[in-house]
Structures are given as structure tokens and as C-alpha cells.
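Residue numbers for the sequence shown follow the numbering used here, so the first one is 3 and each next one is one higher.
These notes are about the structure you will find just below.
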Amino acid sequence: MPRMNVVRRVGIMGGTFDPIHHGHLVAASEVADRFALDEVVFVPTGHPWQKADVPVSPAEDRYLMTVIATASNPRFTVSRVDVDRTGPTYTIDTLRDLKKTYGPDTGFYFITGADALERILSWKDADEMFKLAHFVGVTRPGFELSDEHLPADTVSLIEVPAMAISSTACRARVAGGKPVWYLVPDGVVQYIAKRGLYRLSSSE
Ligand code: ATP
Ligand code: MG
């Protein structure tokens with residue numbers, strides 16, 4: 003951990019969450035347990051820069067699905083920092099904003115799946131990112147988890163229960179009239195139906 007005298011340990015789970023699914027929730031829960039985190043804050047992206055060329059559901063829908071999915075866990079919270087910032091979402095801005103909110107006594111653990119970790123050095127201001135948080139890479143079916151190219155002591159790799167779920171697959175299932183029950187929380191299934199998300203005629 004780059005900081006000393008940390009009194010609060012907070013995980014950060016960033017994502018597009020279009021929709022949030024049990025892969026995200028299991029990863030957050032497992033990292034919270036392994037690192038004795040006081041809280042995990044889920045941060046839905048505003049305009050994800052890596053997804054500029056693909057249609058993404060409105061930020062407010064993704065934010066609300068994240069609130070619904072995390073509401074029952076007293077240690078899970080949701081932040082609007084990225085949703086409320088204009089322009090593309092960069093993780094360095096997320097970390098700077100959260101640091102301002104939480105103050106100097108908080109140690110941050112940024113959670114990423116194996117696929118996101120592979121690309122992390124291409125993220126904006128990667129060097130500074132590693133100073134603001136410890137990074138935790140988690141296993142994800144279909145991707146190799148490695149910290150080979152990453153700076154020493156900045157990343158921990160942990161194995162989490164394998165959940166072969168992606169938001170892309172959930173969207174495709176809804177578009178194809180297939181169920182997403184048990185892949186996403188019940189309230190999220192209901193929210194998707196209520197808002198008509200992922201039907202071929204709407205966002206896809
Ligand atoms: P999409 O298919 O739209 O890219 P996704 O399922 O990859 O969606 P994201 O919102 O892109 O979900 O991912 C947010 C974070 O959660 C990333 O760090 C990603 O690697 C991680 N993640 C997503 N699904 C899983 C999973 N099944 N197991 C472990 N980590 C996951
Ligand atoms: Mg993804």
C-alpha cells in the first residue's frame with residue numbers, strides 16, 4: 003500500500019454495469035473479504051472511453067441498476083462521481099475525486115477483472131493511478147490473469163469464484179428473448195423489463 007496510517011480501507015469497483023451482473027458482485031464481495039475492506043464503492047462510468055464506438059445505455063439507468071443490485075449489502079455503496087462528470091470517464095479522475103471525498107486516511111483498492119488488468123497500462127496517467135490506489139486483479143473465465151508488465155508491489159492477483167457472465171452476453175440474451183434470471187439480481191431483471199432495455203429496437 004502506498005500510504006501509511008490508513009484507517010479506512012475502501013474497494014473501488016468501476017464498470018460500465020450495462021447491466022451489473024453477479025460476476026461484478028462476487029468479485030467485489032471476495033476482494034472485500036480478502037482485504038478486510040470496510041466498504042466497496044461501485045462507480046458506474048459516465049462515458050466509457052474504451053466503448054466510444056459501441057452503444058451504451060443511459061448513465062442514469064446503469065446507475066439505478068447498480069443501486070438496486072447493491073442495496074441489500076451494508077458494505078456496498080454507489081458513487082455518482084463518474085456519472086456526474088462531463089466528458090469521457092478516466093479512472094485517474096475517479097481516483098482523484100474519491101480521494102477528495104474520502105480524505106487522506108482512506109486506503110483505496112481498485113478492483114479489476116483479468117481482461118481490464120491486461121490493458122491497464124494504456125489508461126490515462128497510469129503512473130499516478132498506481133500511487134493513488136493498490137490494484138487488485140481478479141480471475142475471470144476466458145482471460146489470463148497476469149501482472150507481468152505491471153510495476154512491482156502495485157498489484158495483487160486473487161482468484162475469485164468463476165462466474166462466466168458478461169454484460170455483453172446479458173444484453174444479447176435479453177435481445178434474443180432469453181432469460182437473465184440468476185445471472186443478474188432479481189431487481190435488475192425487473193428494471194430491465196420495466197425500462198425495455200436491450201430490446202433490439204431500443205439500445206442495441
Ligand atoms: P461488457 O461485456 O459490456 O464489457 P462486462 O461484463 O465486461 O461488460 P464491465 O462493466 O465492462 O462488465 O466490467 C467492470 C469490471 O468488472 C471490469 O474490471 C471487469 O473485468 C470486471 N468483471 C466483469 N465481469 C466479470 C466476471 N464475470 N468475473 C470477474 N470480473 C468481472
Ligand atoms: Mg467489460
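We put the CB at the ideal spot given by N, CA and C, even for glycine.
Spatial neighbours of residue 92 in its chain, beta-carbon cut-off 6 Å, leaving aside the 5 residues before and after
126
How is the beta strand (DSSP E) around residue 65 delimited, first residue to last?
Careful: residue 65 lies outside any beta strand (DSSP E), inside the alpha helix (DSSP H) at 61-72.
For residue 104 and residue 12, believed in contact at Cβ under 8 Å, the rounded distance:
6 Å
Rounding to the nearest angstrom, what Cα-Cα distance links residue 21 and residue 155 in this structure?
32 Å
Can you determine whether any heavy atom of the ligand MG sits closer than 7 Å to the C-beta of residue 20, and answer yes or no?
no
Presumed contact (8 Å Cβ cut-off) between residue 174 and residue 14, rounded CB distance
In fact, because the Cβ distance is near 28 Å, the residues do not count as touching under 8 Å.
Limits of the unbroken beta strand (DSSP E) element including residue 123:
First-last for residue 123: undefined, no H or E at that position.
Residue 41 - DSSP class collapsed to helix/strand/coil:
strand
Can you confirm whether the stretch 113-122 touches the stretch 144-164 when touching is taken to mean that 3 or more C-beta pairs between the two stretches lie within less than 8 Å?
yes
Taking 7 Å as the cut-off, does the CB of residue 55 come closer than this to any heavy atom belonging to the ligand MG?
no
Name the residue from 115, 131 and 55 whose alpha carbon lies nearest to the alpha carbon of residue 227.
Missing from the structure shown is residue 227; the chain here goes from 3 to 206 and no further.
Just the C-alpha distance for residue 141 and residue 19, rounded to the nearest angstrom, thanks.
18 Å
Do you know how far the Cα of residue 197 is from the Cα of residue 16?
23 Å
For the beta strand (DSSP E) containing residue 114, name the first residue and the last one.
108-115
Quick one: using the 10 Å Cβ neighbour count with 16 as the cut-off for buried, is residue 86 buried or exposed?
exposed
Three-state secondary structure (DSSP) of residue 49
strand
Under 7 Å from any heavy atom of the ligand ZN, does the C-beta of residue 117 make it?
No copy of the ligand ZN appears in this structure; the ligands present are the ligand ATP and the ligand MG.
When you measure from the CB of residue 59 to every non-hydrogen atom of the ligand ATP, does any distance come out below 7 Å?
no
Let's test the definition: count the other Cβ atoms within 10 Å of the Cβ of residue 63 and tell me whether it reaches 16, buried, or not, exposed.
buried
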